[in-house]
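Down below is the structure, laid out as structure tokens.
Numbering (our numbering), first residue to last: 1266 to 1357.
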């Protein structure tokens, strides 16, 4: 079980997207296999949870890093979801 950084509800790992800080690229990246090293943040693949995480500025706290480009994270998540689903659902 993991907690979504957007809605703060607990779900199975398989129901969440895992994001990690990539120090080489100096950005947050989606970890599709959930195997990259480092601290991860989990998010339901929904627009609502993404917006809540952005509004709460949850990425920096969850990943324990100072500066997070929220726009880059949003783009990364939306790109990954659109490649794996037709559109981000509005419901969980």
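We put the beta carbon where it would ideally sit given N, CA and C, even for glycine.
Cβ-Cβ separation, residue j to residue i (assumed contact under 8 Å), whole Å
{"i": "residue 1283", "j": "residue 1276", "result": "Wrong, their Cβ atoms sit about 12 Å apart, outside the cutoff."}
{"i": "residue 1309", "j": "residue 1280", "result": "7 Å"}
Neighbourhood of residue i by C-beta, 7 Å cutoff - its chain only, sequence neighbours within 5 removed
{"i": "residue 1269", "result": "1276, 1281, 1307, 1308, 1309, 1314"}
{"i": "residue 1273", "result": "none"}
{"i": "residue 1318", "result": "1270, 1271, 1308, 1324"}
{"i": "residue 1300", "result": "none"}
Short Cβ contact (8 Å threshold) for residue i with residue j
{"i": "residue 1285", "j": "residue 1298", "result": "no"}
{"i": "residue 1338", "j": "residue 1324", "result": "yes"}
Residues near residue i in its chain [Cβ-Cβ closer than 6 Å; skip 5 each side]
{"i": "residue 1446", "result": "The requested residue 1446 does not occur in the structure, where the chain is confined to residues 1266 to 1357."}
{"i": "residue 1342", "result": "1315"}
Rounded C-alpha distance that separates residue i from residue j
{"i": "residue 1349", "j": "residue 1305", "result": "20 Å"}
{"i": "residue 1320", "j": "residue 1271", "result": "9 Å"}
{"i": "residue 1294", "j": "residue 1316", "result": "17 Å"}
{"i": "residue 1288", "j": "residue 1312", "result": "26 Å"}
Sequence-distant residues of the same chain with beta carbon closer than 8 Å to residue i, five excluded per side
{"i": "residue 1335", "result": "1319, 1322, 1324"}
Min CB distance residue i to chain B below 8 Å
{"i": "residue 1323", "result": "Any reference to chain B falls outside this structure, which holds one protein chain only."}
TODO: Within the segment 1295-1321, note down every full beta strand (DSSP E) run reaching 3 residues or more, in order along the chain.
DONE: For secondary structure counted as the beta strand (DSSP E) over 3 or more consecutive residues, the segment 1295-1321 holds these complete runs in sequence order: 1305-1308.
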